[in-house]
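In my numbering, the protein residues as written are 15 to 69. Even for Gly, the Cβ is constructed at its ideal location relative to N, Cα and C. It should be emphasised that the depicted structure is a prediction, and the values quoted were computed from it without experimental measurement. Heads up: the structure comes next, in C-alpha cells.
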Amino acid sequence: MGQTVLVTGSNSGFGRLVSETLARQGYTVFAGMRGLNGKNARSAAEIRNILFTCN
C-alpha cells in the first residue's frame, strides 16, 4: 500500500519541489494552493499534469 501525503503551498518553492519529488517516488500527493483559477492557474495546471502522469 502506497503512502499518501498532503502538501500545502505547492505552487512554488519547497512545496512544489516536495510535491513533484514525492509524486515521482510513487507517493499519492494532494497538492494544495490558493488561487487555482487566478494567479496560480498556470502552476496548478503544471503540477496537476506532473501528479497525474506519475501515478
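Tell me the residue span of the beta strand (DSSP E) that contains residue i.
| i | result |
| --- | --- |
| G29 | That residue, G29, is in no beta strand (DSSP E); its alpha helix (DSSP H) goes 27-38. |
| G49 | Segment: none, G49 is in no beta strand (DSSP E) and carries neither H nor E. |
Exposed or buried, which one is residue i when buried takes at least 16 other CB atoms within 10 Å?
| i | result |
| --- | --- |
| V19 | exposed |
| N25 | buried |
What number of angstroms, rounded off, separates the C-alpha of residue i from the C-alpha of residue j?
| i | j | result |
| --- | --- | --- |
| G27 | N54 | 13 Å |
| G46 | A58 | 9 Å |
| A37 | R48 | 20 Å |
| G16 | G52 | 32 Å |
| L31 | L50 | 18 Å |
| T22 | G29 | 6 Å |
Assuming residue i is part of the alpha helix (DSSP H), what are its boundary residues?
| i | result |
| --- | --- |
| L20 | Segment 18-22 is the beta strand (DSSP E) holding L20; no alpha helix (DSSP H) there. |
| L65 | 55-68 |
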